[in-house]
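Novice:
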Amino acid sequence: DDMLPKYKRILLKLSGESLMGENSFGMDPNVIAGYAQDIKIITDLGVQVAIVIGGGNIYRGMNEQETGIERAQGDYMGMLATVINGMALQSGLEKIGVYTRLQSAIKMEQVAEPYIRRRAIRHLEKGRVVIFGAGTGNPYFTTDTAGSLRAIEIKADVILKGTRVDGIYTADPEKDPDAKKFEQITFSEVISRSLKVMDMTAFTLCQENNLPIIVFDMNKPGNLLRVVTGDNVGTLVK
Ligand code: UDP
């Protein structure tokens with residue numbers, strides 16, 4: 024049966040920017056509905072799904088020069104943005120009958136459970152999609168790092184990094200027409216070739232804990248299912 028999932032528990036990392044779709048800010052309801060549909064399909068197969076979502080479509084704290092707001096303050100603002108995105112995705116999922124829980128690394132009891140690792144695992148075992156909001160809860164980190172960290176904590180089999188590029192290339196495929204895609208690559212080769220997969224903190228966490236990463240194009244409907252059933256979609260780092 025080719026519909027047999029290859030992974031039992033995954034952590035899906037989505038960027039905030041991907042939620043914008045064709046817009047230049049905020050979120051596109053069609054994108055959210057599409058993601059929700061793709062996620063529902065794999066949960067129906069019995070895959071346990073945890074999600075970390077970024078906040079770049081609403082706020083990015085990193086650049087103090089640009090924002091005029093000091094880094095740590097801006098980072099907390101960015102973390103709050105991820106909770107907004109998490110709530111949007113939660114709504115999209117629940118609309119189509121997927122049970123979800125949103126857990127936030129920054130306490131806000133009225134809208135989300137606090138992050139409790141063992142409770143998150145329990146939700147996953149019960150088939151609920153768990154969305155982790157507010158990144159790591161710490162400034163100076165990224166949601167990629169939150170994704171790696173949570174994936175390791177919940178013992179996910181793999182972290183799936185949904186991007187708008189369909190994998191890792193020898194060079195930026197949007198700039199270099201000769202860029203070639205890797206089907207598979209090792210952690211050390213990513214480093215020796217100075218390829219950009221995730222920021223170093225996030226990447227090193229995966230490497231040190233033997234957590235494979237798959238970079239794939241989440242904007243192509245059906246791709247998530249293909250990745251989860253072991254099709255050669257995207258690039259596997261292991
Ligand atoms: N952020 C943070 N700590 C974290 C995760 C995120 O301070 O653990 C802040 C940081 O300012 C970042 C913003 O939240 O710029 C939004 O997250 P990110 O840029 O990773 O989102 P994405 O690029 O995936 O949309």
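Whatever position you read off the sequence shown (first residue = 1), add 23 for UniProt numbering. Ideal Cβ placement from N, Cα and C applies to all residues, glycine included.
1) For A169 versus V75, is the C-beta spacing smaller than 8 Å?
2) Please report the straight-line C-alpha distance between S47 and E87, rounded to a whole angstrom.
3) Pull up the CB-CB distance for S41 and G185, whole angstroms please, since I reckon it's below 8 Å.
4) With a threshold of 16 other CB atoms inside 10 Å of the CB of V134, please say whether the residue is buried or exposed.
5) From the DSSP output, read off the bridge partner residues of A73.
6) With respect to 7 Å, is the separation between the Cβ of M85 and the closest non-hydrogen atom of the ligand NAP below this value?
7) Going by beta-carbon coordinates alone, are L125 and Y58 separated by less than 8 Å?
8) With a 10 Å radius around its C-beta and 16 neighbouring C-beta atoms as the bar for buried, classify Q96 as buried or exposed.
9) For A128 versus G79, is the C-beta distance shorter than 8 Å?
10) Measuring alpha carbon to alpha carbon, tell me which residue in G49, M100, K36 is nearest G77.
11) When the Cα atoms are used, what is the spatial distance from T227 to S38?
12) P235 and L259: beta carbons closer than 8 Å?
13) For a quick check, are the C-beta atoms of G156 and Y122 less than 8 Å apart?
14) What does DSSP give as the partner residues of Y99 in its beta bridges?
15) Report the rounded CA-to-CA distance for I92 versus G84, giving the unit in angstroms.
16) If you run the structure through DSSP and keep just helix, strand and coil, what is D240?
17) By the DSSP assignment, the beta strand (DSSP E) with G185 in it spans what residues?
18) Based on the DSSP secondary-structure assignment, which residues constitute the bridge partners of Y192?
19) Does the Cβ-Cβ distance between A179 and I62 come in under 8 Å?
20) Among all the DSSP beta bridges, which residues are the ones paired with R124?
21) Considering only the alpha carbon of each residue, which of L248, D167, I237, R94 lies closest to A225?
Specialist: Concretely, from the data shown:
1) Against a cut-off of 8 Å, the Cβ pair of V75 and A169 comes out as a contact.
2) E87 has its alpha-carbon roughly 21 Å from the corresponding atom of S47.
3) The Cβ separation is near 7 Å, so the contact holds.
4) That one is exposed.
5) DSSP lists L34, V153 as the beta-bridge partner residues of A73.
6) Inclusion of the ligand NAP in the displayed structure is not the case, the ligand content consisting of the ligand UDP alone.
7) No; because the gap between Cβ atoms is not below 8 Å, this pair is not in contact.
8) Burial call: exposed.
9) It is not a contact, given that the beta carbons lie outside the stated cut-off.
10) Each of G49, M100, K36 was checked against the Cα of G77, and the nearest Cα belongs to K36.
11) Whole-angstrom Cα-Cα distance: 19 Å.
12) Between P235 and L259, the gap from beta carbon to beta carbon is short of 8 Å.
13) No, the pair does not count as a contact, with Cβ atoms beyond the cut-off.
14) DSSP output for Y99 lists no bridge partner at all.
15) In a straight line, the C-alpha of I92 is about 8 Å away from that of G84.
16) Of the three classes helix, strand and coil, the one that applies to D240 here is strand, per DSSP.
17) For G185, the uninterrupted beta strand (DSSP E) run begins and ends at 181-186, by DSSP.
18) The bridge partners DSSP lists for Y192 are K204.
19) Note that the C-beta distance between A179 and I62 is not below 8 Å.
20) Paired residue(s): V153.
21) Looking at the Cα atoms, D167 is the closest of the given residues.
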